[in-house]
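Student: Residue 366 in full-length UniProt numbering sits at position 366 of the sequence shown; the count goes up by one each step and never skips.
First, the structure itself, so that you have it in front of you.
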Amino acid sequence: MKAYMQRMGRSLMLPVATLPVAALFMGIGYWIDPSGWGGNNVLAAFLIKTGSTILDNLGVLFAVGLALGMSKDKDGSAALAGLIAFLTPITLVSTEAVKLFTGQETVNVAFDAINFKNVFVGILAGLIAAAMYNRFSNVKLPMALSFFSGKRAVPIVTAAAMAAISAILIFAWPPVYTALVNFGEMISGLGPIGAGLYGFFNRLLIPTGLHHALNNVFWFNLAGIDDIGKFWASEGVKGVTGMYQAGFFPVMMFGLPAGAFAIYRTALPERKKEIASLMLAAGFASFFTGVTEPLEFSFMFVAWPLYVVHAVLTGISMFVAAFFQWTAGFNFSAGFVDFFLSLRVPIANKPYMLIVMGLVMAVVYYFTFMFVIKKFNLMTPGREPLVETNDVEAVATGSNKFATMASRIY
């Protein structure tokens with residue numbers, strides 16, 4: 001299982017490498033036109049749309065990247081199977097499709113609340129596609145069906161497998177969503193402790209995509225909290241409104257970048273130059289825009305205990321900020337851009353203390369990550385053994401050092 005998780009993590013590095021630049025495009029565009037999201041400025045619109053091309057399609061990127069990376073010989077037909085595996089559930093579990101299947105005009109709110117083009121479906125699709133490729137890519141069919149033998153059979157069996165999984169999702173998703181919403185409503189009455197629990201589960205559930213269900217409870221008006229809407233309208237209670245957002249700022253602006261530095265410091269000496277570029281770009285994206293996926297997915301699977309530690313630290317940050325009633329808010333994510341903009345919102349309460357808290361969290365993250373990585377010998381980026389020479393040459397031939405570097409990272 002450990003080796004399988006590490007293969008997953010390495011396979012995800014290819015799509016993850018595209019995320020920091022996309023995040024910066026969106027962040028700069030949002031900085032130029034924070035109120036209109038590009039509606040008031042052509043350059044802002046262009047940058048935002050360019051970035052969202054990648055960030056809004058993480059699911060399909062992960063499906064294709066995982067299918068390719070987890071397949072036994074990295075063949076392009078595995079990537080095609082990953083794409084088909086992703087398209088199947090997002091079509092069959094769509095609101096319109098469920099209405100058609102049930103013969104009803106309305107469907108359970110769970111299908112409207114969650115976009116199934118999410119990371120979880122992408123990861124699931126990629127893994128199923130890779131498994132189908134590894135199992136059926138060499139299958140021989142009878143002469144009458146020989147055209148569909150081998151790699152041509154893979155997309156077909158992959159679509160069939162994902163159709164079966166989609167049928168399960170149609171029945172399983174509504175009760176799962178309801179349970180998560182009920183859980184969110186329950187902890188929302190616990191004050192700062194509830195904010196801490198929300199922060200912990202928000203991070204912990206990211207690999208499954210289920211964190212969106214909790215976000216609907218706290219950030220929007222599903223349960224009457226509407227933390228984001230009320231903060232930017234400067235309504236509600238000063239020191240309380242924004243409590244489900246504020247604690248993310250110390251983590252995303254300071255904690256995670258410090259964790260990225262720890263990952264760089266613990267990398268093998270001969271691999272530090274390779275890892276520095278990824279960690280620097282991902283750390284800056286987290287600080288400036290609050291987009292944390294490039295960092296989190298770089299160690300989420302290859303060093304999952306470290307990700308659990310990250311979730312715990314996020315929960316602590318949320319609790320501390322809520323306990324002392326330090327509040328700020330975001331429209332996009334908890335990065336510098338939104339923090340700067342929220343300073344002008346009257347209901348923000350002592351937001352400068354989040355900077356002080358962030359500096360503390362940076363120290364905590366750095367030394368905690370350093371300790372956990374070394375103590376448990378976690379295979380964070382740059383600590384896994386170098387790719388064998390033959391493997392590298394299969395990806396990058398000649399003397400192109402940048403291609404060789406990329407092949408080692410991926």
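Just so you know, even glycine gets a beta-carbon here, dropped at the ideal spot from N, CA and C.
Bear in mind the structure is a predicted one, so any value in this text is a computation, not a measurement.
Classify N138 as helix, strand or coil using the three-state DSSP reduction.
Tutor: coil
Student: Can you tell which of F111, A233 and A67 has the C-alpha that lies nearest to the C-alpha of L14?
Tutor: The residue with the shortest Cα to Cα distance from L14 is A67.
Student: Nearest to A321 by CA position, among S146, T292 and L354, is which residue?
Tutor: If we check each option's Cα against that of A321, L354 comes out closest.
Student: Using the three-state DSSP reduction, which class does T106 fall into: helix, strand or coil?
Tutor: coil
Student: Going by C-alpha to C-alpha distance, which of I128, V181, V139 and L141 sits closest to A163?
Tutor: I128
Student: Can you grab the Cα-Cα spacing for the pair A362 / A258, in whole Å?
Tutor: 5 Å
Student: Report the option in S333, A281, F287 and F319 whose CA atom is closest to the CA atom of S298.
Tutor: A281
Student: Out of M5, K49 and L24, point me to the one whose CA is closest to S286's CA.
Tutor: L24
Student: For the alpha helix (DSSP H) holding D227, just list the boundary residues, first then last.
Tutor: D227 to W232
Student: Please report the straight-line C-alpha distance between G335 and T289, rounded to a whole angstrom.
Tutor: 4 Å
Student: If contacts are defined as beta-carbon pairs under 8 Å, then F218 and L306 qualify, I think. What distance do you get, rounded to the angstrom?
Tutor: The Cβ separation is near 25 Å, so there is no contact.
Student: Measure the beta-carbon distance from F116 to V93 and round it to whole angstroms, keeping in mind my assumption that it falls under 8 Å.
Tutor: 5 Å
Student: What does the alpha-carbon distance come out to for the pair A79 and A153?
Tutor: 14 Å
Student: Are the segment 374-386 and the segment 301-317 touching by the rule of at least three beta carbon pairs closer than 8 Å?
Tutor: yes
Student: Name the one or two DSSP bridge partners that N349 has.
Tutor: Note: N349 sits in a beta bridge opposite T327.
Student: Pull up the distance between the alpha-carbon of F330 and that of S234, whole angstroms please.
Tutor: For F330 and S234, the distance between alpha carbons rounds to 13 Å.
Student: Going by the CB atoms, is the gap between L268 and M279 shorter than 9 Å?
Tutor: no
Student: Please specify which runs of the alpha helix (DSSP H), each continuous and at least 4 residues long, are wholly inside the segment 168-255, giving them in chain order.
Tutor: 192-204, 211-218 and 227-232
Student: With 16 other CB atoms within 10 Å as the buried threshold, where does Y4 fall?
Tutor: exposed
Student: Going by C-alpha to C-alpha distance, which of T292, V356 and A262 sits closest to V372?
Tutor: A262
Student: Straight-line CA distance for V237 to A130?
Tutor: 51 Å
Student: Taking 9 Å as the threshold (C-beta atoms), are T314 and F248 in contact?
Tutor: Result yes, Cβ atoms of F248 and T314 sit closer than 9 Å.
Student: So is A160 buried or exposed if we call it buried at 16+ other beta carbons inside 10 Å?
Tutor: exposed
Student: Between G194 and A85, what straight-line distance do the alpha-carbon atoms span, to the nearest angstrom?
Tutor: Approximately 37 Å, taken between the alpha carbons.
Student: For A348 and R135, what's the separation of their Cα atoms in angstroms?
Tutor: 56 Å
Student: Are F301 and P207 touching if we call contact CB-CB under 9 Å?
Tutor: yes
Student: Nearest by alpha-carbon distance to T106: which of T95, K273 and D226 is it?
Tutor: T95
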